[in-house]
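Novice: Attaching a single structure in structure tokens format; questions to follow.
Chains as they are written, first to last, in the numbering used here: chain A, 22 to 326; chain B, 466 to 607.
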């Protein structure tokens, strides 16, 4: 039976940890310039209905590094989607051309629809403001690699928590691993009620919340920052929130010496450029981790490891 | 208050006070437009103090619409009348899962934009909270 990754809940904690062991091996192969042929003869389709740099390119890099091939589109222009083709029809067709599909789509729940119409594994590369489970995997992987364990960690998730899909899947999975969390967001961009309810009803987790990052930044081990999701806000609303929060070097002076700063990227102005040279700023390393993690995921879903 | 006896049709009883006209709005798309109907508002009730009620001549409510109405008013009773006798009394049970019937309130949900049949898990029956199986948005129908 095919296995999809539509929602981070599709993977158990054990499956996630197993993926991370595989990601370590993939990372080792990349670092040692080993040529892998685990996916030789296999094709990954990348269907990106929305803009992407890291997610799409790291999926493609992952498949090439596994010895496989890639086809797909990076915008709907030039595909039959622009002629009005339904998602279901596109998926049915592309599934017959490929062995695994990674999809990013502006509508929430689109990856679930794709999984219903596909006979090959579907990987959700972001569905509207809903979820971005592969980003969560690489976030968790980065935290684990840098901190050694999830035990006794406290994580600040900050920024646009309403539309920042990476924060939704991250909060759920951190709760599953028993990590203490706090949330900071401007008024109006708080974590959705359904996520808060899931955290309390399924995991008995009630994170502290505030409107200012400064309320928590000195006490946490991980500072996770997200940008304002301009594409899901009107222009006036975006302007209202654009400069609502900025993590600066000055703010980090009083943060823990061994804290780490993560960001799913792209960064706009919510992390000041002067933070980049701080050794605690790990967001580019985090972005690199997307390749070995996605290699492990693709190989797992294709059943070649 | 005396009203005309229903010979054949449906009585939707135990609607919460103020729900009668809202319920009628929902039923409109299921009606032919030529049925005789009466909406009772603020009817004294031993169970609810005040209730609303709808009687519709020559119209029989289907199961899907009964379920939908029960999401809005969990305690409704539906009586099917034939030859002036109650031949069926329905106390619609809110199921654990719902397919179709009601649109997701999240306008960005794929079930709205591409017309896939909406599906929900019922998170709570009182108050009714539905969780969309596509976008996971939670809401109370109304």
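Quick reminder that beta carbons are idealized off the backbone N, C-alpha and C, glycines included.
Please report how far the alpha carbon of residue 61(A) lies from the alpha carbon of residue 69(A), in whole angstroms.
Specialist: Cα-Cα distance, rounded: 23 Å.
Novice: Step through the CB atoms of chain A and report whether any lies within less than 7 Å of the CB of residue 582(B).
Specialist: No, because no Cβ of chain A sits closer than 7 Å to the Cβ of residue 582(B).
Novice: Please list the terminal residues of the continuous beta strand (DSSP E) segment that includes residue 125(A).
Specialist: Where residue 125(A) is concerned, the enclosing beta strand (DSSP E) stretches over 121 to 126.
Novice: Does the distance from the C-beta atom of residue 268(A) to that of residue 246(A) stay below 7 Å?
Specialist: Contact flag set, yes.
Novice: Between residue 216(A) and residue 189(A), what straight-line distance do the alpha-carbon atoms span, to the nearest angstrom?
Specialist: About 7 Å.
Novice: Using 8 Å for Cβ pairs, my map puts residue 485(B) next to residue 519(B). What's the rounded Cβ distance?
Specialist: At roughly 6 Å, the Cβ-Cβ gap stays under 8 Å, so residue 485(B) and residue 519(B) are in contact.
Novice: Got a sec? Which residues, its chain only, sit under 6 Å from residue 58(A) by beta carbon, not counting five neighbours each side?
Specialist: Here the set comprises 88.
Novice: Using a Cβ-Cβ cutoff of less than 7 Å, which residues in the same chain neighbour residue 286(A) once the five nearest sequence positions on both sides are dropped?
Specialist: Excluding residues within five positions, the ones whose Cβ falls inside 7 Å are 75, 304, 308.
Novice: What three-state label does DSSP hand residue 175(A) in the structure shown?
Specialist: Of the three classes helix, strand and coil, the one that applies to residue 175(A) here is strand, per DSSP.
Novice: Starting from residue 562(B), trace the alpha helix (DSSP H) in both directions and tell me its first and last residue.
Specialist: Where residue 562(B) is concerned, there is no enclosing alpha helix (DSSP H), although the beta strand (DSSP E) it sits in stretches over 562 to 564.
Novice: Report yes if the C-beta distance between residue 123(A) and residue 146(A) is below 7 Å; otherwise report no.
Specialist: Yes, the pair counts as a contact, with Cβ atoms nearer than the cut-off.
Novice: My assumption, with CB atoms under 8 Å, is that residue 141(A) sits in contact with residue 23(A). Please give the rounded CB distance.
Specialist: With 8 Å as the limit, residue 141(A) and residue 23(A) qualify as a contact, their Cβ atoms being about 6 Å apart.
Novice: Using a Cβ-Cβ cutoff of less than 6 Å, which residues in the same chain neighbour residue 103(A) once the five nearest sequence positions on both sides are dropped?
Specialist: Same-chain partners within the cutoff: 97.
Novice: Taking DSSP as the reference, what is the three-state secondary structure of residue 261(A)?
Specialist: DSSP places residue 261(A) in helix when its eight states are reduced to three.
Novice: Where does residue 591(B) fall in DSSP's three states?
Specialist: Coil.
Novice: Can you pull the chain A residues whose beta carbon is under 8 Å from the beta carbon of residue 490(B), in chain order?
Specialist: Those within 8 Å of residue 490(B) in chain A number zero; the least Cβ separation is about 27 Å.
Novice: Expressed to the nearest angstrom, what Euclidean distance is found between the alpha-carbon atoms of residue 475(B) and residue 523(B)?
Specialist: Rounded to whole angstroms, residue 475(B) to residue 523(B) spans 8 Å at the Cα level.
Novice: Report the neighbours of residue 215(A) on chain B: residues whose CB is nearer than 8 Å to its CB, in chain order.
Specialist: Correct list: 596, 601, 602, 603.
Novice: Could you tell me which of 208(A), 210(A), 201(A) sits nearest to residue 226(A), measuring between CA atoms?
Specialist: Residue 226(A) has its Cα closest to that of 201(A), out of 208(A), 210(A), 201(A).
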